[in-house]
Amino acid sequence: MEDDYGSIESAKPQQDASSAQAAIEASGSTRALILAAACLLTFGSYFCYDTPSALVITLREKLQLTGFQYNVLFSIYSWPNVVLVFIGGLVIDTYGSRRASLALATLVLVGQVVMLIGVLQHRYWLLLSGRFIFGMGGESLGVCQSIIVSRWFAGHELATAFGLSLTVSRIGSILSFMLLPVVDQVAGIVSAFAVGVIICALSICAALVYASIELSVEHKRAEGAAALQPTKTRTRAPAGERSPRSRRSSLLQVARCLDLSFWLCAGISMVSYALVFSFIAIGSDLLHQAFGTSRERGSLLVSLVYDFSMVLAPLLGRLFDAVGLRGIFVLVSCTLNLLSFALLEHTRTSAWQPVPRPVYGMICMGVAFSGLSSSVWPSMTVISPVWALGAALGIAQALQNLGTSLMSIYVGHVVDAFGYEAVLSRFVLIACIAVLLALWWNIDDWRYRDGRVNRSAAAAEAAAAAAMELPVAAGTPQGAAVAYVPLYVPVYVMVSPEAIQSVRRACYQKLGESEVGIRRRDLYAQLGIAHPAVVRKAAETGAQLPSPDAYHARVFRPERPTEAAGSASSSQSTN
1 MEDDYGSIES
11 AKPQQDASSA
21 QAAIEASGST
31 RALILAAACL
41 LTFGSYFCYD
51 TPSALVITLR
61 EKLQLTGFQY
71 NVLFSIYSWP
81 NVVLVFIGGL
91 VIDTYGSRRA
101 SLALATLVLV
111 GQVVMLIGVL
121 QHRYWLLLSG
131 RFIFGMGGES
141 LGVCQSIIVS
151 RWFAGHELAT
161 AFGLSLTVSR
171 IGSILSFMLL
181 PVVDQVAGIV
191 SAFAVGVIIC
201 ALSICAALVY
211 ASIELSVEHK
221 RAEGAAALQP
231 TKTRTRAPAG
241 ERSPRSRRSS
251 LLQVARCLDL
261 SFWLCAGISM
271 VSYALVFSFI
281 AIGSDLLHQA
291 FGTSRERGSL
301 LVSLVYDFSM
311 VLAPLLGRLF
321 DAVGLRGIFV
331 LVSCTLNLLS
341 FALLEHTRTS
351 AWQPVPRPVY
361 GMICMGVAFS
371 GLSSSVWPSM
381 TVISPVWALG
391 AALGIAQALQ
401 NLGTSLMSIY
411 VGHVVDAFGY
421 EAVLSRFVLI
431 ACIAVLLALW
441 WNIDDWRYRD
451 GRVNRSAAAA
461 EAAAAAAMEL
471 PVAAGTPQGA
481 AVAYVPLYVP
491 VYVMVSPEAI
501 QSVRRACYQK
511 LGESEVGIRR
521 RDLYAQLGIA
531 HPAVVRKAAE
541 TGAQLPSPDA
551 YHARVFRPER
561 PTEAAGSASS
571 SQSTN
């Protein structure tokens, strides 16, 4: 039945099975080395991503850049990722994480080298070209890292592995703000960019280490399979990779299935991340111009955002799994983000300064960024259809990159026209939009979605298990195969025809159902109700099958309570 189920398995069962298999095949020391390589894989890209921010003052002075030109340089990283966030995943699926990690890490190194040449020759167009090439590889390299970690670690190890990879990546960002201004003061800006090239080369070494380990494990796996199965058999695709059949849904189809809750969450992510990253891009120069801080101190203050994220994000992730309330904390985080810009705007003109004035605002921004990164993306996995989770997250990531690029360009225009003082007031107004979106999102969730975003992990699993309870087709001969047909599931849940069609067809064919009968049953499944004959037989016998199998239903699209109640009553009256 692997061929029947292969195209509709959810990401989680596939991930768990492949991760468990890889965990068995590799020893603890081998997987520890894999984790170290995966962590270092994105260390260089995170370090170099913030290079323009850490060197913004010197960069603008040496190359005579306007505020608009500098912000275009920073934001051009996000331009290719509006589209490549989808293509990058396809490349990784097609060629595997081993080849993709090497190719993407090389692309990051090439981009940084081109930027180094641009600084050396004072050529702005070379800087833009290098940053663009760097962006083509940087974002997809992060996706590749996630695939590698999810392949080799499972269960309770998975959260720890992801937390370590995020922490190491954030260390790269922090080190960029701490090290590069010092190198710039001592040896010049060219040497500072050269440090980035060296660190990107270390990331390629990490990719080579991972590739050699994976080749070794696959070689051992092939030898074991040849010894156990000398005859020709069909094997599953390598762990962590999907078959082409699993990529059937189009972006248009996915977009139609995403409800208001998803688009509100994506809008919150788009606005909030655009604000934070646009501020980080100009933070050192803004603090120097508006608050009179030194270059080194300005870089350290900006790095507080990453400091808090590195420490708080893993802890908050575990907290939200235990108690839920992700939507509430998204609202709190957006409010703290607004407060951070308001504090920076207020303390800029205030004479009262018992401590360095920007510190309070940067602390609020760091806590807000930690809360957003720990709650927004897990919430999207809850409100997105399981069968289209990858595409939904890709859409959200594309919107985030689009928002960051547009915001950076807008900020550059404001800096040139009105100065840094006007930027802070604009940030306050835009942060208010994020707060309003977060408030709307929570109201919509409590009123129409049964508070699903704010559920704890245990409550979400219990709700999913309750929604999976399907009736048995009663009246079949004793010992005969049972036909699992989805009944109308509880409020806010519908059955996805894309997710169950292949399994239902295989089951009904084995039971001798005709093609016309299968199509009729498919029609009822698309309507989210059960076949009338099944409902009647289940009602007569009271037969129930609790949680039969994850393949036979999918959380598809939430409904309003009034619509769901109307559908349920019409289904009962029809049956």
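Start counting the sequence shown at 1; every next residue gets the next number (the UniProt record's numbering). Each residue gets a CB set at the ideal place from its N, CA and C atoms; glycine is no exception. These numbers come from a predicted model, not from an experiment.
So, is residue i buried or exposed, given that buried needs 16 or more other C-beta atoms within 10 angstroms?
i: T235; result: At T235 the pLDDT is 41, less than 50, meaning the model places this residue with poor confidence; the figure from the coordinates comes in the next sentence. Under this definition T235 is an exposed residue.
i: A187; result: exposed
i: W152; result: buried
i: S284; result: buried
i: S303; result: buried
i: W441; result: buried
i: E139; result: buried
i: Y95; result: exposed
i: R318; result: exposed
i: I430; result: buried
i: R256; result: exposed
i: Q443; result: Note on identity: in this sequence residue 443 is Ile, with Gln being the wrong assignment. With fewer than 16 other Cβ atoms within 10 Å, it is exposed.
i: I198; result: exposed
i: S333; result: buried
i: S75; result: buried
i: R455; result: buried
i: S191; result: exposed
i: I8; result: Low confidence applies here, because I8 scores a pLDDT of 27, under 50, leaving its location unreliable and the question unanswered by this model.
i: L104; result: buried
i: S272; result: buried
i: residue 576; result: Missing from the structure shown is residue 576; the chain here goes from 1 to 575 and no further.
i: S150; result: buried
If distances are taken between C-alpha atoms only, which option among the options comes closest to residue i?
i: S203; options: M178, F68 and L141; result: L141
i: T167; options: T58, A313, L179 and F74; result: A313
i: P181; options: V217, A54 and W125; result: A54
i: V217; options: F277, L104, R98 and Y124; result: R98
i: L73; options: L128, T51, F134 and L59; result: L128
i: H122; options: V197, Q64 and S146; result: Q64
i: V359; options: L287, A322, L175 and I76; result: L287
i: S173; options: A398, C432 and F277; result: F277
i: D50; options: W263, F134 and H219; result: F134
i: E214; options: L102, S333 and V183; result: L102
i: R31; options: S212, V414, F262 and V453; result: S212
i: K120; options: A422, I76, L59 and V415; result: It should be noted that the sequence gives Leu, not Lys, for residue 120. Taking only the C-alpha atoms, the option nearest L120 is L59.
i: P52; options: D184, H219, T381 and S150; result: D184
i: G451; options: V382, S299, T106 and Y410; result: V382
i: G298; options: L179, K62 and V414; result: L179
Looking at residue j and residue i, is the spacing between their C-beta atoms short of 9 Å?
i: F47; j: C200; result: yes
i: G412; j: T66; result: yes
i: residue 576; j: C144; result: Here the chain comprises residues numbered 1 to 575, so residue 576 is not present and cannot be evaluated.
i: Y210; j: A38; result: yes
i: V108; j: G44; result: yes
i: R131; j: G111; result: yes
i: G394; j: V85; result: yes
i: L437; j: S370; result: no
i: A417; j: N71; result: no
i: P385; j: A396; result: no
i: L126; j: G137; result: no
i: M365; j: L336; result: yes
i: L344; j: G361; result: yes
i: F427; j: F279; result: yes
i: R326; j: V453; result: yes
i: R295; j: I57; result: yes
i: C432; j: L338; result: yes
i: L439; j: M270; result: no
i: A368; j: S340; result: yes
Since I believe residue j is in contact with residue i (beta carbons under 8 Å), could you give me their beta-carbon distance rounded to a whole number of angstroms?
i: A434; j: I268; result: 6 Å
i: S375; j: V330; result: 5 Å
i: I193; j: M115; result: Checking the sequence shown, residue 193 turns out to be Phe, not Ile. Yes, they are in contact, since the Cβ atoms of F193 and M115 sit about 6 Å apart, within 8 Å.
i: M407; j: A290; result: About 19 Å separates the two Cβ atoms, so there is no contact after all.
i: I92; j: I147; result: 6 Å
i: S379; j: S78; result: Incorrect: roughly 22 Å between the Cβ atoms, too far for contact.
i: V82; j: N401; result: 5 Å
i: S261; j: R449; result: 6 Å
i: residue 576; j: S169; result: There is no way to answer for residue 576, as the model of the chain reaches only from 1 to 575.
Can a CB atom of chain B be found closer than 9 Å to the CB of residue i?
i: E296; result: Checking the listed chains, one finds no chain B in this structure; it contains a single protein chain.
Run the proximity test for residue i: is its beta-carbon closer than 8 Å to any non-hydrogen atom belonging to the ligand ADP?
i: L180; result: The ligand ADP is not among the ligands present in this structure, which contains no ligands whatsoever.
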